[in-house]
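Asks: Provided herewith is a single structure, encoded as structure tokens, for subsequent inquiry.
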Amino acid sequence: MLPSLPLLLALPFLMAVAVAAFPRSSRSTAAWLAALAPLGGLAILGWLTPAVMDGQVVRTLVPWLPQIGLDFALRLDGLAWMFAGMVLGIGALVVLYARYYLSSQDNAHRFYCYLLLFMGAMLGMVLSGNLLLLMVFWEMTSISSFLLIGFWSHRKDAREGARMALVITGGGGLALLGGVLLIGRIVGSFDLDVVLAAGEQIRASALYPYALFLVLAGIFTKSAQFPFHFWLPHAMAAPTPVSAYLHSATMVKAGVFLLARLHPALAGSDLFFYTVSGIGALTLLIGAWNAIFQHDLKGLLAYSTISHLGLITLLFGLSTPMAVVAGVFHILNHATFKASLFMAAGIIDHETGTRDMRKLGGLRRLMPFTSALAIIASLAMAGIPLLNGFLSKEMLFAEALTAGGPGTMRTAVSIAALLAGVFGVAYSLRFVHDTFFGPGPHGLDRVPHEPPRWMKVPVEILVVICVAVGIAPALTVAPVLHAAAGSILGSAMPEYSLSVWHGFNLPLAMSAIGVVGGVALYFGLRKLINLHGVQNTTTGRNVFHAQLDTISALAMRLTNGIANGSLQRMLLGLVLVAITVAAAPYIANPASPNWTKPQPIPLLGWALWLVMMACAVATLRVYKQRLLAVLLVGGVGLMVSLTFVFLSAPDLALTQLLVEMVTLVLMLLGMNYLPAQSGPERPRWRKRRDAVIAILAGSGLGALAYSAMTLPPNTMAGEMLARALPEAYGQNVVNVILVDFRGFDTFGEITVFGIAALVVHALLRRTRMAPEQIMPGPPIKLPVPADLAQIMFPLTLTVSIFLFLRGHNAPGGGFIAGLVLAVPLLIQYVIQGTASVESRFGFDYIRCIGMGLLIALLSGSASMLFGVPFLTSGHLDLHLPLIGEVPLASAIGFDIGVYLVVFGGAMLMLSMMATVKPSRTRSARKGEIDLQRRSARTGEMH
């Protein structure tokens, strides 16, 4: 049973890769591949259902970074089971619906990839058994929702809505991370079981208020609670399948899920009661009132979603056992009727070409079946009897009448609940009346008709659930509700009845008042004001953009003051910060270093040191002669490499030598981008200042290096030397450290290296040379060096493979081998030019980087399938005929990834440096230069 949870979590990500792997397949094939993830997940969830319904908690634990309390822990209890079922069930319906909703111009494969990525992130969040792991998936939901909301990137409103959602929810995620860290500090663990059992300890801590407000900030931003609610209506620029998924069952429910998940740990204090219930009540009323005046179908549904999320937050804030049960129940009910309403709105938009209710009306005659489905779902949203929304609304009224706190609090909550009932009926009535009744439609460019048969199926299924739960709740939803609420309340689970009829009581009277008052409010507003003429303004959006503009202006001023294009100033700031940070501990606690007596340096060492110093001093003297200065700097690097050889560090020597070779080529290519003449000489005082700073920085680094080299022998190095062969099956301890002991660091480093290469590619692919820098005439041909470079390539390839294969037991490895392979190609770029080299090789360096990162990730993750941490090495001895015994370590897979990333990244950066194109402008190609119009940075004409 244990492997089932990782498989359940992995399915959406695997299917996303499968959809991306077949970009030319049909839309139906992409939809089927995407549907395999939720359908397969539902099958696994069904297999686990008996255990969950029996009250068991299914767990999977793989140690990841136990030193900081981060384990890959998955946990399936009743609440996680309910949310996973919502994510997968509604996700499957959305996949089917999107197949018919998306137009032929939309990239369906990209859409399904984004959708599956989001589905996997949501599953990871609800299944996480560790708070830090939950944070990882929480941020993934923000990123993937950004991609989904901005799917129609050609539209300004989509880009703006996606950016707003990312900024608000991303900022809340940072606050949530701070709260999670504080909770971990209080409890001493990030394990969810430990945290949930430590509620009294958390509430008794002096850090509790800070942890609570930080966690609530993350919850309120994600679930669009006041004052962060304004991002949700702007997210309606997303395709309707996205709105039906994100804003009914998933993204906006992530916040209330976390509120329910951490309820045993955080609830139970007056601070929690007043803050959560107060914000929930405000959001409930603000969302409901604004929904009445929206003209866009999805805008009305967005504000109603805000209101219902406020209702759920209010119930969890009241914190009584029955309020928690009601909150969980309404999460289910809202997901079903709101997803069906969003899909119905999408059908209307798909068939009429508009969502503006001012242009609609009378659609019951043209689209009778769709109208019937949407009307039933709207009645469920309004809380009409015999539909699921009525039951949870009755629970809200009952809990509002018995709310804790002073009498004024009970009265305020009751009034807020009653007003929300009135407003809910009013906006539901406007949705139905303005869309399906009355005259119309008006000004459409097509004749509306019913959508394709299978496009209505998801709406039909959800509406049937609304009716079934409303008529027979005890037979349909009772087991799910009991399991989900029981996992929150535990032994405090109350006795309750899900009967449709509870007799004539005060909650029923409030429901009747809500229905009558809502009808009167809607038709009263129609008579008093012109609802279709109301101009909606979003204060939150205006404040958001004003703050964003202010921050951008401050950032621009700061950037212009620091990074004004002067590399000298940026380097000066970097070095000064490094000196300050390094010197601060010694200034605070002065202590003389306990250095051992230095060893005598042989004559060879003195010779290397003198040559190195001579090259460094000579560079300062001839810096105006750029080529000579570059060669002298290379001489310094060569002496450093020989020093490593002298100190018996062959891996470092090889790495340093190859880096120097690549850097030398890089600097030679970079000369294309330098102005023909250097700027004016610096004042003498600046030279003296720079000399003092350089001496301080160099002395500090020298002291640090000497301290490291004179440490006693009983350090970590001895432990790694002892463990390299028996645990990692390698005799080359340097390579073992890179691919095993510190393999996660190496994976981060190659990721950064790949990103840097892609950034260089993005910056330079459109770079153009200034006209006066283009050399006249054809390129100079160098046949002999060109032939030698081609002859060198097979030999160098052989050496590269040799160094790669021996790297685990002798000097070499993926990093060195990648650079060895890059050097001859770089020489060919310099001698023969880009066109000649790439016409023969045609190698895609970007895909090389991607494949390298993917191979490194998969090979590192493979060990987790055997229950051991990421990148744990395995070993196999192969007995091959004629060759004999060949030892193989599993780390070679990770090293292949390093090899590809280093080679691809180095070649991508340097090939882009070598590919400098002339200016696109006609006048520049003719050599006509106007210094008043030409950009000083790019050479382009303004």
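Under the working numbering, the first residue of the sequence shown carries the number 144, and numbering increases by one thereafter. Note that CB positions come from ideal geometry on N, CA and C, so glycine has one too.
Do you know offhand how far Leu-309's Cα is from Ser-288's?
Replies: Locating residue 309 in the sequence shown gives position 166, counting from the first residue. Locating residue 288 in the sequence shown gives position 145, counting from the first residue. Taking the straight line joining both Cα atoms gives about 8 Å.
Asks: State yes or no: is the C-beta of Ala-163 within less than 9 Å of the C-beta of Cys-256?
Replies: Walking along the sequence shown from the start, residue 163 turns up at place 20. Walking along the sequence shown from the start, residue 256 turns up at place 113. Yes, they are a contact pair.
Asks: For a test of the three-state rule: what should DSSP assign to Gly-215, helix, strand or coil?
Replies: Start at 1 with the first residue of the sequence shown, and residue 215 comes out as number 72. Before going on, a small fix: residue 215 reads as Phe here, not Gly. In the structure shown, Phe-215 sits in a strand (DSSP, three-state: E or B).
Asks: Roughly how many whole angstroms lie between the Cα atoms of Leu-1031 and Gly-1040?
Replies: As a working note, residue 1031 is residue 888 in the sequence shown. As a working note, residue 1040 is residue 897 in the sequence shown. Each residue's Cα considered, the two are about 16 Å apart.
Asks: Counting beta carbon pairs with one atom in the stretch 416–425 and one in the stretch 639–650, are three or more of them shorter than 8 Å?
Replies: Short answer: they don't touch.
Asks: Taking only runs of the beta strand (DSSP E) that begin and end inside the stretch 993–1055, which ones reach a length of at least 3 residues, in chain order?
Replies: As far as the stretch 993–1055 is concerned, its whole beta strand (DSSP E) runs of at least 3 residues are 1018–1023 and 1027–1032.
Asks: Which one or two residues does DSSP pair with Asp-499 in a beta bridge?
Replies: One-based indexing of the sequence shown puts residue 499 at position 356. Answer is Asp-439, bridged to Asp-499.
Asks: Please state the DSSP three-state secondary structure of Arg-167.
Replies: Residue numbering aside, residue 167 sits at position 24 when the sequence shown is read from its first letter. Three-state DSSP puts Arg-167 in coil, outside helix and strand.
Asks: Cβ atoms of Gly-423 and Ile-455: under 9 Å apart, would you say?
Replies: The sequence position of residue 455 within the sequence shown is 312, counting from 1. The sequence position of residue 423 within the sequence shown is 280, counting from 1. In this structure, Gly-423 lies closer than 9 Å to Ile-455 by Cβ.
Asks: Which same chain residues end up closer than 6 Å to Tyr-1171 when comparing Cβ atoms and leaving out the 5 residues on each side of it in sequence?
Replies: It is not possible to answer for residue 1171, since the shown part of the chain is limited to 144 through 1085.
Asks: Quick check on Asp-1073: does DSSP put it in helix, strand or coil?
Replies: Counted from its first residue, the sequence shown places residue 1073 at position 930. Residue placement at Asp-1073 is poorly supported in this model, since its pLDDT is 45, which falls under 50; the coordinates still yield a value, given next. In this structure, Asp-1073 counts as coil in the three-state DSSP scheme.
Asks: Looking at the structure shown, is Leu-204 part of a helix, part of a strand, or coil, going by DSSP?
Replies: Here residue 204 is taken as the residue at index 61 of the sequence shown, counted from 1. It is a strand residue.
Asks: Which runs of the alpha helix (DSSP H) spanning at least 4 residues fall entirely within the stretch 546–595, listed in chain order?
Replies: Runs found: 550–579.
Asks: Do the stretch 502–509 and the stretch 623–643 make contact, defined as three or more Cβ pairs closer than 8 Å?
Replies: As far as the Cβ criterion goes, the stretch 502–509 does not touch the stretch 623–643, which means the pair count is below three.
Asks: Buried or exposed for Ser-1016, please, with buried defined as at least 16 other CB atoms from any protein chain shown within 10 angstroms of its CB.
Replies: For the purposes of this step, residue 1016 is taken as the residue at position 873 of the sequence shown. Label assigned to Ser-1016: buried.
Asks: In angstroms, rounded to a whole number, what distance separates the CA positions of Val-805 and Met-814?
Replies: The count along the sequence shown starts at 1 and reaches residue 805 at position 662. The count along the sequence shown starts at 1 and reaches residue 814 at position 671. Spanning the two alpha carbons is a distance of roughly 15 Å.
Asks: Taking the alpha carbon of Gly-748 as the point to measure from, which residue in Thr-786, His-377 and Met-653 has its own alpha carbon closest?
Replies: Taking the sequence shown and counting its residues from 1, one reaches residue 748 at position 605. That would be Thr-786, whose Cα lies nearest to the Cα of Gly-748.
Asks: Any contact between the stretch 737–745 and the stretch 721–728? By contact I mean 3 or more CB pairs, one from each, below 8 Å.
Replies: As far as the Cβ criterion goes, the stretch 737–745 does not touch the stretch 721–728, which means the pair count is below three.
Asks: The alpha helix (DSSP H) with Thr-312 in it runs from where to where?
Replies: Indexing the sequence shown from 1 puts residue 312 at position 169. Looking at the DSSP string, the run of the alpha helix (DSSP H) that includes Thr-312 is 299–330.
Asks: Mapping DSSP to helix, strand and coil, what is Asp-249?
Replies: The residue labelled residue 249 in the question sits at position 106 within the sequence shown. It is coil, neither helix nor strand.
Asks: Decide if the stretch 456–471 is in contact with the stretch 538–549; the criterion is three or more beta carbon pairs, one per stretch, under 8 Å apart.
Replies: Contact between the stretch 456–471 and the stretch 538–549 is present, because at least three Cβ pairs lie under 8 Å.
Asks: In whole angstroms, what is the alpha-carbon distance linking Ser-1004 and Val-802?
Replies: Working through the sequence shown from its first residue, we reach residue 1004 at position 861. Working through the sequence shown from its first residue, we reach residue 802 at position 659. When rounded, the distance between both Cα atoms is 30 Å.
Asks: Output the boundary residues of the alpha helix (DSSP H) element that contains Gly-886.
Replies: One-based indexing of the sequence shown puts residue 886 at position 743. Note, Gly-886: alpha helix (DSSP H), 886–907.
Asks: Looking only at its chain, what residues have a beta carbon closer than 7 Å to the beta carbon of Tyr-570, apart from the 5 residues adjacent to it on each side?
Replies: The residue you call residue 570 lines up with position 427 of the sequence shown. Closer than 7 Å at the Cβ level, and outside the excluded window around Tyr-570, lie Ala-431, Ala-434, Ile-435, Leu-443 and Ser-447.
Asks: Express the C-alpha separation of Gly-841 and Tyr-849 in angstroms, rounding to a whole number.
Replies: Numbered from 1 along the sequence shown, position 706 holds the residue referred to as residue 849. Numbered from 1 along the sequence shown, position 698 holds the residue referred to as residue 841. Each residue's alpha carbon lies about 12 Å from the other.
Asks: Can you have a look at Glu-824 and say buried or exposed, based on whether 16 or more other CB atoms are within 10 angstroms of its CB?
Replies: Within the sequence shown, residue 824 is the residue found at index 681, counting from 1. Burial call: exposed.
Asks: Looking at Phe-936: is its Cβ nearer than 9 Å to the Cβ of Leu-968?
Replies: Taking the first residue of the sequence shown as 1, we reach residue 936 at position 793. Taking the first residue of the sequence shown as 1, we reach residue 968 at position 825. Closer than 9 Å, so yes.
Asks: Which one of Ser-709, Gly-453 and Gly-873 has the shortest CA to CA distance from Asp-1038?
Replies: In the sequence shown, residue 1038 corresponds to position 895, counting from 1. The candidate whose alpha carbon is nearest that of Asp-1038 is Gly-873.
Asks: Give the single residue among Gln-368, Lys-481 and Asp-334 whose Cα lies nearest to the Cα of Glu-603.
Replies: In the sequence shown, residue 603 corresponds to position 460, counting from 1. Out of Gln-368, Lys-481 and Asp-334, Lys-481 has the C-alpha closest to the C-alpha of Glu-603.
Asks: Return the chain-ordered ranges of every alpha helix (DSSP H) run that is complete within the stretch 438–476 and spans a minimum of 4 residues.
Replies: List check, alpha helix (DSSP H) in window: 440–461.
Asks: In terms of residue numbering, what span does the alpha helix (DSSP H) encompassing Trp-752 cover?
Replies: Translated into positions along the sequence shown, residue 752 becomes position 609. Per DSSP, Trp-752 belongs to the alpha helix (DSSP H) from 746–764.
Asks: How far does the alpha helix (DSSP H) with Gln-368 in it extend, from its first residue to its last?
Replies: Reading the sequence shown from its first residue, position 225 is the one you call residue 368. From DSSP, Gln-368 is part of no alpha helix (DSSP H); its letter is neither H nor E.
Asks: Counting only the same chain and skipping the five closest in sequence on each side, list residues whose C-beta sits under 7 Å from that of Leu-964.
Replies: As a working mapping, residue 964 is identified with position 821 in the sequence shown. Correct list, in chain order: Thr-939, Leu-940, Ser-943 and Phe-1046.
Asks: Which class does Asp-334 belong to by DSSP, given the choice of helix, strand or coil?
Replies: Residue 334 sits at position 191 when you count from the first residue of the sequence shown. Reduced to three states, the DSSP call for Asp-334 is strand.
Asks: Roughly how many angstroms separate the alpha carbons of Ala-867 and Phe-215, rounded to a whole number?
Replies: The residue labelled residue 867 in the question sits at position 724 within the sequence shown. The residue labelled residue 215 in the question sits at position 72 within the sequence shown. Each residue's alpha carbon lies about 26 Å from the other.
Asks: Would you kindly work out how many angstroms separate the C-alpha atoms of Leu-701 and Ala-689, rounded to a whole number?
Replies: Here residue 701 refers to the residue found at position 558 when the sequence shown is read from its first residue. Here residue 689 refers to the residue found at position 546 when the sequence shown is read from its first residue. If I take the Cα positions, the gap works out to 18 Å.
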